[in-house]
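Asks: In our numbering, the protein residues as written are 74 to 562. This structure is in structure tokens; I'll ask about it shortly.
This is the structure we're talking about:
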């Protein structure tokens, strides 16, 4: 019995000792962190959402790390955080619906979690029903460029100054069109590289709406960072479809810079004779059913070498309607090449009354039986060995187009490092088939270091009143001309 009491006493003593030891210890908490992901938010689809975890704390004021992640987002959303470790990251609510984000804070003491709910709703677009008769500005209402700010359900005519702010998106109903008229109508559409202005179809398919017609002669008309897509459902005028048509009868005037003409059923852009192109620079033509652009010969010199015409169009060319290259007595009219090597394509005929200079690397294609005629001024086509000038048929076959005839007496008429081929499909002059004819009283043309080939008749025909350089047969290369190199009367 005495022995049992001793054992019990010993146990109790140990328990008391251990208890007093525990009370003396500096107890460490297992978690001192509190994550706070911020208040729930209601935003519009397309908005940039800013999160805020700065209210998160550590009770011991120790540093900690942030980790953000989506716990939920709408089906189809591609929303992504610009950073998963910042205190205040951002994301774009690209679709309507609920976005739930979880914040985890962590350090050596442990971790803490909190969630925030962001609900994105759609702003309904405004319907543009009335014609523009007073000065009007349309603001960007929805940040998401896939969601229209405005809807056009029927044709809208602009008879006053209309300003479109960067980021504005206007969606057009089936066959609807926008007309910017003369005598008051002005369009100021200046987007920027991050916020382009978009004129699109309500359905984003090629040829859904009609397109834009420009008749305004105001020098203020400006398109900058504007995208014209899904147009060409029916002809704008003169039987042609295009994303945009600029009319020459009223001498419409416009600046077009950094614009995109894409997925239009017809031409991307059609420019009539008489239009004034104040500036044309760095534009892109992509996936249009016909050529990216159709224009008059007088407008070719306004095109810049950085514009792109070869991205999947029906014809990756700069298409030139049958037209005159008008006389310019004060300066040369210069045709330059493009960085993307786009050829010019002449439809039916080109008549030149200008002082015309063709730069190295330019390629000119002629349609079947088309004819080029130098009636006044001159043609000065001087390429280089490395960058020849090429004049040929659309189909690179013999006797495809009619040929080039030079009537003028200018000493500046010159071909050097030029490859000209495929003429002589039908007689060009005086019953003769030829690639080149020099014809008329004192007409002249110097041809050097060039290749003349594939004619359905002669390579060169010179009538008795005209002249060419004496060494024309020896300094040039002739090949596959059906009736021989040269006929000199």
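All C-beta atoms in this analysis are idealised placements derived from N, C-alpha and C, irrespective of residue type, glycine included. Since this is a predicted model, take the numbers as computed values, not measurements.
#1: Quick check: the segment 524-535 against the segment 502-510, are at least 3 beta-carbon pairs closer than 8 Å?
#2: Rounded to whole angstroms, what's the CA-CA distance from residue 558 to residue 511? Just pull it up for me.
#3: So, for residue 365: in the same chain, excluding its five sequence neighbours on each side, which residues have a beta-carbon less than 6 Å away from its beta-carbon?
#4: In chain order, what residues of the same chain lie with their CB nearer than 6 Å to the CB of residue 515, ignoring the 5 residues before and after it?
#5: Can you tell which of 171, 428, 166 and 189 has its C-alpha closest to the C-alpha of residue 177?
#6: Who pairs with residue 180 in a beta bridge, going by DSSP?
#7: Could you tell me the distance, in whole angstroms, from the CA atom of residue 321 to the CA atom of residue 397?
#8: Flag this pair as touching only if the segment 337-355 and the segment 368-382 have three or more C-beta atom pairs under 8 Å; answer yes or no.
#9: Considering only DSSP beta bridges, list what residue 22 is partnered with.
#10: Within the continuous alpha helix (DSSP H) that includes residue 547, where are the two ends?
#11: Around the C-beta of residue 200, are 16 or more other C-beta atoms found within 10 angstroms, so that it is buried, or is it exposed?
#12: How big is the Cα-Cα spacing for residue 525 and residue 399?
#13: How long is the line joining the alpha carbons of residue 107 and residue 130, rounded to whole angstroms?
#14: Which residues share a DSSP beta bridge with residue 491?
#15: Per DSSP, which one or two residues make a beta bridge with residue 114?
#16: Over what stretch of residues does the beta strand (DSSP E) that includes residue 142 continue unbroken?
#17: How many Å lie between residue 146 and residue 174 at the Cα?
#18: Between residue 216 and the rest of its own chain, which residues show a CB-CB distance below 6 Å, the 5 nearest in sequence each way excluded?
#19: Just to confirm my understanding: we take residue 545, look at its own chain, exclude 5 residues before and 5 after, and list those with CB closer than 6 Å. What are they?
#20: Going by DSSP in three states, residue 441 sits in which element: helix, strand or coil?
#21: Give me the DSSP bridge partner(s) of residue 107.
#22: What separation, rounded to the nearest whole angstrom, lies between the Cα atoms of residue 58 and residue 186?
#23: Alpha carbon to alpha carbon, how far is residue 95 from residue 105?
#24: Out of 384, 314 and 456, which has the shortest C-alpha to C-alpha gap to residue 408?
#25: Ordered along the chain, which non-local residues of its own chain (more than five positions away) have a Cβ less than 6 Å from that of residue 296?
#26: Suppose you measure from the CA of residue 209 to the CA of residue 452; what does that come to, to the nearest Å?
#27: What does the alpha-carbon distance come out to for the pair residue 538 and residue 488?
#28: Please classify residue 352: is it buried, with 16 or more other beta-carbons within 10 angstroms of its beta-carbon, or exposed?
#29: From residue 388 to residue 416, what distance separates their C-alpha atoms?
#30: Measuring alpha carbon to alpha carbon, tell me which of 325, 491, 391 and 117 ends up nearest residue 254.
#31: Tell me the rounded alpha-carbon separation between residue 496 and residue 475.
#32: With residue 284 and residue 316 assumed to form a contact (beta carbons below 8 Å), what rounded beta-carbon distance in angstroms separates them?
#33: So, at 7 Å on beta carbons, what are the nonlocal neighbours of residue 116 in its own chain, with the 5 sequence-adjacent residues on each side left out?
#34: For residue 137, is the classification buried or exposed, using 16 other Cβ atoms within 10 angstroms of its Cβ as the cut-off for buried?
#35: Check residue 373 in the structure and name its three-state DSSP category.
#36: Once you ignore the five residues that flank residue 556 on each side, which residues in its own chain have a CB closer than 6 Å to its CB?
Replies: Result, derived from the coordinates:
#1: The segment 502-510 is in contact with the segment 524-535.
#2: Cα to Cα, the separation comes out at about 14 Å.
#3: 341, 358, 382 and 386
#4: 482
#5: 189
#6: The partner list for residue 180 (beta bridge, DSSP) reads 183.
#7: 14 Å
#8: yes
#9: Outside the displayed range of the chain (74 to 562) lies residue 22, so it cannot be described from this structure.
#10: 545-548
#11: The residue is exposed, with fewer than 16 neighbouring Cβ atoms inside 10 Å.
#12: 27 Å
#13: The alpha-carbon separation between residue 107 and residue 130 amounts to approximately 5 Å.
#14: Answer by DSSP bridge pairing, in chain order: 462.
#15: 191
#16: 138-145
#17: When rounded, the distance between both Cα atoms is 9 Å.
#18: 119 and 120
#19: 520
#20: coil
#21: 130
#22: Missing from the structure shown is residue 58; the chain here goes from 74 to 562 and no further.
#23: No answer about residue 95 holds up, because its pLDDT of 44 lies below 50 and its placement is not dependable.
#24: Of 384, 314 and 456, the residue nearest in Cα terms is 456.
#25: 262, 329 and 332
#26: 48 Å
#27: 20 Å
#28: exposed
#29: 10 Å
#30: 325
#31: Roughly 5 Å between the two C-alpha positions.
#32: 5 Å
#33: Within the same chain, and ignoring the five residues on either side of residue 116 in sequence, the residues whose Cβ sits closer than 7 Å to its Cβ are 122, 166, 191 and 193.
#34: buried
#35: helix
#36: 530 and 531
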